[in-house]
Amino acid sequence: MLSACTRSRPSAPASERPVDDPRFDFRPTPWTPFSPVFDTPPRAVAFDALCADDVERCRAECSARDTIEFASCALELRYGDDAASLELARSLFDGSGVVVGVETSPTVEAGHLGELPISPAPPVGPYRRHLEWVVESFRSVEDTFAALAAKAPRPMMFRTRPYALRFYKTESRSFPSAWAIDGVVAYNVEGPLFQGRDGVAATLFHELFHLNDQGHGFWSVRALVDTYAAIRTQCGNDDACLAPYAPDETRVEGGTFYAFDERVDDVREYAADVALRWFREHEAALRGEPPEAPFRCATPENLTTWTLLVEEFFGATDLLPPCEEQS
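For what it's worth, our numbering labels the leading residue of the sequence shown as 63, then goes sequentially.
And the structure:
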């Protein structure tokens, strides 16, 4: 899903905030640089992430009603014994409004793996490297979107800052590596996808898309289900048939590409992987290294999905050459 009490950032008093402003949830809203006025999560979200496993102590020591003051105190309470983790958690909150806490649900529904027991896993000590990768990944996303927004023909209706990141662990290395719902990302420190910064960056963007897709009323289910069903009907679990349609190389063990495996069978996962492919190809384009074989050029279905998704979430931003110009 996913702390000094004297530290604070300026925020708008509740009376100055619009009563029904979509920037306070994940409804469609244009991407803009971080603002503590509009990107600070609701206090209840911060409380759940930072205090759910020690409610009484948190209430006793961090009573501020303002979210920023409360989160500053609660971060100190949770990470005060690990100065490096505290600095990282503060930098993420101060720079993006993302609260770094823990997931306290006792179990997670892991698809074909069934229901698995989980436990809170603060990103401290040996798990601190995960928080380092997370901070680096979010900074990269912000830098990329800042560059793309300057070139976008329309506002990019994509939120890049979840309300909270909640860390947990499975009893052994296991999926799911992460999940996302209601503005919050949960992160498994034993997740198989988290072997380094690249895996973390890719998974976080995938989860960000899920949050935005939910905010757009689960757009992918309405817009892409026919295309997705046609691909699965045509190919089944045939790797060679699916390969041109697969936006990512991630596979299900003993199966095929994650987005198309019969045990996943979810158009939302396909959409999230296409969004990740868009992000990766545009990172490369901004570096002056556009892909030689863009995903959207491989099949007509890819182009249809890409066009619809880019129109809905990314302001029709496509910096890659037209397919007919590709050699």
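We treat Cβ as the ideally placed atom computed from N, Cα and C, and that holds for glycine.
Between which two residues does the beta strand (DSSP E) harbouring Pro182 extend?
Position 120 of the sequence shown holds residue 182. Segment 177–182, the beta strand (DSSP E) holding Pro182.
By how many angstroms is the C-alpha of Ser97 removed from the C-alpha of Val345?
Start at 1 with the first residue of the sequence shown, and residue 345 comes out as number 283. Start at 1 with the first residue of the sequence shown, and residue 97 comes out as number 35. It should be noted that the sequence gives Glu, not Val, for residue 345. Near 24 Å, if we compare the C-alpha coordinates of Ser97 and Glu345.
With H, G and I counted as helix, E and B as strand and the rest as coil, what does DSSP make of Gly245?
Within the sequence shown, numbered from 1, the residue matching residue 245 stands at position 183. Gly245 falls in the coil class under three-state DSSP.
Would you kindly report the start and end of the unbroken alpha helix (DSSP H) that includes Glu345?
By one-based count along the sequence shown, residue 345 stands at place 283. Segment 329–348, the alpha helix (DSSP H) holding Glu345.
My assumption, with CB atoms under 8 Å, is that Ala214 sits in contact with Val160. Please give the rounded CB distance.
Position 152 of the sequence shown holds residue 214. Position 98 of the sequence shown holds residue 160. At roughly 23 Å, the Cβ-Cβ gap does not stay under 8 Å, so Ala214 and Val160 are not in contact.
When DSSP builds the beta bridges, which residues end up paired with Ala226?
The count along the sequence shown starts at 1 and reaches residue 226 at position 164. In the DSSP output, where bridge partners are listed per residue, Ala226 has Val161, Val246.
What residue does the beta strand (DSSP E) around Thr312 start on, and which one ends it?
Within the sequence shown, numbered from 1, the residue matching residue 312 stands at position 250. Neither: Thr312 is in no beta strand (DSSP E) and is coded neither H nor E.
Could you check the C-alpha separation between Val196 and Ala126 for me, to the nearest Å?
One-based indexing of the sequence shown puts residue 196 at position 134. One-based indexing of the sequence shown puts residue 126 at position 64. Straight-line Cα distance between these residues: approximately 27 Å.
Roughly how many angstroms separate the alpha carbons of Cys303 and Thr361, rounded to a whole number?
For the purposes of this step, residue 303 is taken as residue 241 along the sequence shown, with counting starting at 1. For the purposes of this step, residue 361 is taken as residue 299 along the sequence shown, with counting starting at 1. Each residue's Cα considered, the two are about 12 Å apart.
Excluding five sequence neighbours on each side, which residues of the same chain lie with their C-beta closer than 7 Å to the C-beta of Pro184?
Here residue 184 corresponds to residue number 122 of the sequence shown, with the count starting at 1. Closer than 7 Å at the Cβ level, and outside the excluded window around Pro184, lie Arg140, Val164, Phe229.
Relative to the alpha-carbon of Ala291, which residue among Thr265, Ser199, Ala108, Asp328 has its alpha-carbon at the smallest distance?
Position 229 of the sequence shown, counted from the first residue, corresponds to residue 291. Among Thr265, Ser199, Ala108, Asp328, the Cα nearest to that of Ala291 is on Asp328.
By the DSSP assignment, the alpha helix (DSSP H) with Glu204 in it spans what residues?
As a first step, residue 204 must be located in the sequence shown, where it is residue number 142. Its alpha helix (DSSP H) spans residues 190–211.
Can you tell me where the beta strand (DSSP E) with Thr169 in it begins and where it stops?
Along the sequence shown, read from residue 1 onward, the residue named residue 169 stands at position 107. Its beta strand (DSSP E) spans residues 169–171.
Are there 16 or more other CB atoms within 10 angstroms of the CB of Asp275, so buried, or fewer, so exposed?
By one-based count along the sequence shown, residue 275 stands at place 213. Its Cβ being crowded by 16 or more others within 10 Å, Asp275 is buried.
Would you tell me roughly how many angstroms separate the C-alpha atoms of Cys385 and Tyr320, rounded to the nearest one?
Position 323 of the sequence shown holds residue 385. Position 258 of the sequence shown holds residue 320. Taking the straight line joining both Cα atoms gives about 26 Å.
State the Cα-Cα distance for the pair Phe322 and Thr366, rounded to the nearest angstrom.
For the purposes of this step, residue 322 is taken as residue 260 along the sequence shown, with counting starting at 1. For the purposes of this step, residue 366 is taken as residue 304 along the sequence shown, with counting starting at 1. Rounded to whole angstroms, Phe322 to Thr366 spans 17 Å at the Cα level.
I need the straight-line Cα distance from Glu343 to Phe256, nearest angstrom please.
Looking up residue 343 in the sequence shown gives position 281. Looking up residue 256 in the sequence shown gives position 194. Distance between the alpha carbons of Glu343 and Phe256 is about 21 Å.
Are Thr169 and Pro182 touching if we call contact CB-CB under 8 Å?
Here residue 169 refers to the residue found at position 107 of the sequence shown. Here residue 182 refers to the residue found at position 120 of the sequence shown. No, Cβ-Cβ distance for Thr169 and Pro182 is not below 8 Å.
Count the other CB atoms within 10 Å of the CB of Thr369; is the residue buried (16 or more) or exposed (fewer)?
Locating residue 369 in the sequence shown gives position 307, counting from the first residue. By the 10 Å Cβ count, Thr369 comes out exposed.
Would you kindly report the start and end of the unbroken alpha helix (DSSP H) that includes Asp323?
Counted from its first residue, the sequence shown places residue 323 at position 261. Taken as a continuous stretch (DSSP letters only), Asp323 belongs to no alpha helix (DSSP H), as it is neither H nor E.
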